[in-house]
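Accompanying notes for the structure given below.
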Amino acid sequence: MQSNAFVSVHLNEFWKIYADALTLLIATFPVLDLPSVDYLLDEDEDTIAFKPLCNENTHLRYFDPEVMKMKSRRGGGIERSHPNDEMLSRIRGLVTDAVQLCRDEVSVLQSISFARSRSC
Amino acid sequence: MRRAITRSCHSSLVRLGDLSRYRETELKKKDRKWGPAIGYYDLATALNPDSGASHNQLAAIAIADKNHIRIVYHLHRALTVEEPFPTAKANLDSEFKKILETWRNKELADAEDQGEPGKALSVWFVYLHARCYKGVELGEHDELENEFLRHLTVELKERPLDNLLQKVCLINIAAEYLAGGRAQGLSAIALQIPS
């Protein structure tokens, strides 16, 4: 896809917008104090076994690494957190994913981050 | 043994959903209540999420409702699992052909749906996907995409689109996944292109 000039222009634009959005999130929320939930959120339960999202980068959305089992589904006696806490846990997930992407050696995010740090 | 029992229960739930669906389609022409059928299909998915059967049957309900975005969504979900439903690919081909035909006849959006929230957005979205589906370069791709994004911008400012937006995202992800598979020349049933 990178070899396609048309797509690569849009991809570069996408990464810049993504980086800006993550920067805004980190500036707005106390990232280190964001809560997490130990059950499947609605959108996670809806995408169990959805093959495009079945990979090593996303399996922690569905599995609890401490017990190596799939997280509990909603209902069945599970006490759900407040909707605000669930939303904060989603933000935590977005930030976690971004950090993971930054660790990727070929991630464009790294080059955007490096360029911005040099311009500061 | 456990796997065989799970498969048997899954199959039974899908069949119960089918019976509930037949009851509504055969006995009623309007005000159909799909609750029981959807309930059975959802239970089947919860029991065996690797099977695409439930989503294919949910697409059948969407076909009865003439809801194109739900049809496209469920058929994509029926294809992007470990056990894709065998006829889901053909059903998706047929659905996209129907979308293009009804677009040409200017019938894709019923007159009474014009004011329905998210309707125009859904119409442009499924039409864009129908045009992109064949994998052939599209001259008016930017124009179609911008029209969809314009509607999305308007809708997002007016109301939350949680359910619709999730379907849009998952359809996009699934379509990219399937297109990537075709590009790599995978020969699974779900990825065969009819001649």
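These protein sequence lines are chains X and L, in that order.
Mapping of the first sequence onto the numbering used here: position 43 corresponds to residue 43, and the numbering continues sequentially without gaps.
Heads up: take any position in the second sequence, counting from 1, add 120, and you land on the numbering used here.
In this text, a Cβ means the ideal position worked out from N, Cα and C, and glycines have one as well.
Let's see if you can read the secondary structure: which residues bound the alpha helix (DSSP H) around residue i?
i: T200/L; result: Element bounds for T200/L: n/a, residue is neither H nor E.
i: T222/L; result: A208 to R224
i: N176/L; result: A173 to D185
i: A124/L; result: R122 to L147
i: C54/X; result: First-last for C54/X: undefined, no H or E at that position.
i: I78/X; result: No alpha helix (DSSP H) contains I78/X, which DSSP labels as neither H nor E.
i: Q286/L; result: D282 to A303
i: P156/L; result: G155 to L167
i: F205/L; result: From DSSP, F205/L is part of no alpha helix (DSSP H); its letter is neither H nor E.
i: F6/X; result: A5 to T28
i: L60/X; result: H59 to Y62
With DSSP run on the structure shown, which of helix, strand or coil describes residue i?
i: K277/L; result: helix
i: D97/X; result: helix
i: K239/L; result: helix
i: A231/L; result: Confidence in A231/L is poor, its pLDDT being 45 and thus under 50, which makes the residue's placement unreliable; the coordinate value appears in the next sentence. Three-state DSSP puts A231/L in a helix.
i: R85/X; result: Before going on, a small fix: residue 85/X reads as Asp here, not Arg. In this structure, D85/X counts as helix in the three-state DSSP scheme.
i: R46/X; result: Looking at the sequence provided, one finds Asp at residue 46/X rather than Arg. The answer is helix: DSSP assigns D46/X an H, G or I state.
i: Y39/X; result: strand
Taking the beta carbon of residue i as the centre, do at least 16 other beta carbons fall within 10 Å, making it buried, or is it exposed?
i: D44/X; result: buried
i: E79/X; result: exposed
i: S128/L; result: exposed
Answer yes or no: the CB of residue i versus the heavy atoms of the ligand GTP, is any distance below 7 Å?
i: N283/L; result: With respect to the ligand GTP, the structure offers nothing, as it holds no ligand at all.
Does the beta carbon of residue i come closer than 8 Å to any beta carbon on chain A?
i: S8/X; result: Absent from the structure is chain A; the protein chains it does hold are X and L.
Chain L contacts from the region 41-60 of chain X (Cβ-Cβ distance under 8 Å) = E43, D46, T47, I48, A49, F50, K51, P52 and L53
Give the residues from the region 289-303 of chain L that approach chain X closer than 8 Å (Cβ to any Cβ), ordered along the chain.
-> The residues in question are L290, I293, A294, E296 and Y297.
The region 168-187 of chain L: positions lying closer than 8 Å to chain X by Cβ | P169 and D170
Residues from the region 186-214 of chain L in contact with chain X, defined by Cβ distance under 8 Å | R197, T200, V201 and E202
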